[in-house]
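Residue numbers (this note's numbering): 426 to 1208.
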């Protein structure tokens, strides 16, 4: 480790010549609302070098003394040039104005024009919220998670399933961050909608590979969602009235523009609309969801900015003595401090809580049931960036996370007898240190390298058990009695070195070759043996019986721009190995099972594929086409005859087409088309008869030996902007959308059953979550 650190700093300081150097630094903000702009290109014309702004809009460049011209550029905004004389350190803040050209209305993304070629990042997709809002959506409701499922390397097991799968990982292997706080369930309404309010989201970035050292905790991807900071120029109100829910957002500056805040809320009203049509027994039914998002920021001088943000959301279903609800709550506090014009710090503290509860009957009744579960994490995270030179940027920092998992607090009442089914809470903590460097070696070569060390400790109090194999592949028996651990004592400890490296070789001004490698470790596990994850799935922690998941991934990509960056193309190939992957014994019991670790099996996984991506960035017609050719497999002792078998989310072919057409005027159109392979499933290959009943049989005992039907779907939408200004100044529009245009009944699953009229006849039944055309109308406004 010490030699690695020495290498980082020694290479970096070779850039620092003996001559005097000065630094120009500052913030780049949106001239319309005052928010920091992420990824603005700050180019030094005289040296042909430059940097980009960080997630808070801060930049820093160190140069020899002299006169220079700085060019600030960002797609969708007017370029600005600043002539400076560096004979001392200089602070240069500025605001960029959105371009008034009609072209700005049809840009598919707002970022540096050649970022995909020149950036060291690979396996990264950024989708601007302006683009997401233009895409067709289920019931007219803009959805962030559904939008990223149209990117290469991203898939889902089907409609109505929560989360998303990235390059062979299950949904729990994606770290979903909302203002740096992890979100454990990103779905409303069992996966049909996401928890992210589009009116409150500023930036979305999906990292599938080449993961930088500052990220840790998951082995497949990082979905980094940044909230708006609030308009510090003027008061702004926006929202929409849709088919099933409405939303309202309010932004307001305060302290003479030094601070601002945003509050955004949504609520569905399915229960209100359906109530007149329900019979008397169902009139008290509840089925709705809501969320509230808020953020405030305040600039205390030139060097300090404070941020505080929070999210609270809930899904509620019930009626007639039954109740089921779940939701997330997060809170984040951040402090940005500029120690010097070359050293930037972001200090983050967060709290995240995911919980669910299930209720059957009332506690006063003779028979009833209560169950609630939660996982809580809180963290302290300092991150530092040192701008050593225009060609070398060093990041370093650490993180401490405390986990508190409560699998079940459950009570059953049977004939007035109270039975406690609760399971003991689990406690753990995770610590990490990291350091990395992003360095440019000449005009054609850029490197990003770093290392992260993570240390996980499973902690008491509690009773922990060892398990012994009775027969391979079957439920293991606990060794009784278990071992008692006092509060704070270490049950089991795991440490992992996580090296990361990426290389960008500039082949020409419009093309580059990129290579990356990263190792990642994950100490959280989602226990679910269903086809798709549900809100009742159990989060558990690594322990004396559950080792951390580890993944190694290598990727190679070619990136090409054409016609002045109007078109961009890329192809990436990757190979990923996954270790300590969890599977389950036959007839496993994961809920309310004190000895659930005895029902677990462990194996390895592999994922490999090629991702093709073509995007048109500007003009009247914009959009992209992505195609992924990939395989995702597991190998677990005793399952499928110890052979490799496809996972439930293995989809060899995945084609997505997104088109946005804006001919000018008030009317615009968009469309999505999706074509994917069906998901694997285990079907019987034979049957035998017993006492006049047919019984299915899987000859060969192979897991996922077949596939359900191919999935394909077309969605269309049209947006009509109103002629008349809202209240004389605001904008308003109506969005007409049609989901599943040609009425395709895509199968979510296929299962066998016995014919009701002839018990000797068996039949396959296709179950479709969405089996019809779904039209919708949404009214959006902003003033």
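Where is the CB? At the ideal position from N, CA and C, for every residue including glycine. These numbers were taken from a predicted model, which means no experiment stands behind them.
In this structure, the CA atom of residue 975 is about 20 Å from the CA atom of residue 823. The secondary-structure analysis by DSSP pairs residue 739 across a beta bridge with 715, 752. With contacts defined as CB atoms closer than 8 Å, residue 463 and residue 482 qualify as a contacting pair.
Only residues of its own chain outside the window of five on either side were considered, and among them 645 have a CB closer than 6 Å to the CB of residue 594, listed in chain order. Cβ contact annotation for residue 792 (same chain, cutoff 8 Å, sequence separation greater than five): 786, 838, 839, 840, in chain order. Separation of residue 659 and residue 516 (C-alpha to C-alpha, rounded to the nearest whole angstrom) is 26 Å.
The three-state secondary structure of residue 1178, taken from DSSP, is strand. In this structure, the beta-carbon distance from residue 767 to residue 485 falls below 8 Å.
Secondary structure note for residue 571: its alpha helix (DSSP H) is the uninterrupted segment 569–573. Exposure of residue 1091 is indicated by the presence of fewer than 16 other C-beta atoms within 10 angstroms of its C-beta. In this model, residue 1173 and residue 681 are separated by some 54 Å (Cα to Cα).
As for any alpha helix (DSSP H) of minimum length 4 sitting wholly inside the segment 1120–1179, there is none.
When the Cα atoms are used, residue 737 and residue 1063 turn out to be separated by approximately 43 Å.
Taken through DSSP and simplified to helix, strand or coil, residue 900 comes out as coil. The residues 1081, 1138, in chain order, have a CB closer than 6 Å to that of residue 1099 in the same chain once the five nearest residues on each side in sequence are set aside.
Every beta strand (DSSP E) stretch that sits fully inside the segment 486–567 and reaches 3 residues is listed by chain position as 491–498, 505–511, 519–521, 549–551. Annotated three-state conformation of residue 1108 is coil, per DSSP. At the C-beta level, residue 889 and residue 916 come within 8 Å of one another.
According to DSSP, residue pairing for residue 722 in a beta bridge involves 685, 732. Listed in chain order, the non-local C-beta contacts of residue 468 below 6 Å within the same chain comprise 475, 496, local neighbours out to five positions each way being set aside. By the neighbour-count criterion, in which 16 or more other beta carbons inside 10 Å mark a residue as buried, residue 1001 falls on the buried side. Annotation: the continuous beta strand (DSSP E) that includes residue 1086 extends over 1078–1086.
Shown here, residue 1006 sits in a strand according to DSSP, grouped into three states. Cα atoms of residue 615 and residue 693: separation of roughly 14 Å, rounded to the nearest angstrom. Closest in C-alpha terms to residue 961, from the list 774, 587, 651, comes 587. Rounded to the nearest angstrom, the Cβ distance from residue 665 to residue 1206 is 7 Å, consistent with a contact under 8 Å. For residue 862, the enclosing beta strand (DSSP E) covers residues 851–865.
Going by DSSP, residue 1060 is part of the beta strand (DSSP E) stretching over 1046–1061.
Under the three-state reduction of DSSP output, residue 617 falls in the coil class, being neither helix nor strand.
Beta-bridge analysis with DSSP links residue 979 to 942, 1000.
Residue 983 holds the alpha-carbon nearest to the alpha-carbon of residue 933 among 983, 965, 1028, 670. In this structure, residue 1140 and residue 1177 do not form a Cβ contact; the two beta carbons are roughly 32 Å apart against a cut-off of 8 Å.
Selection 609, 745, 749, 897 evaluated against residue 704 yields 745 as nearest (Cα-Cα).
Excluding its 5 nearest sequence neighbours in each direction, residue 1032 has C-beta neighbours in its own chain below 8 Å: 592, 593, 594, 999, 1000, 1001, 1003, 1055, 1056, 1057, 1058, listed in chain order. Residue 518 is classed as exposed because its beta carbon has fewer than 16 other beta carbons within 10 Å across all chains shown.
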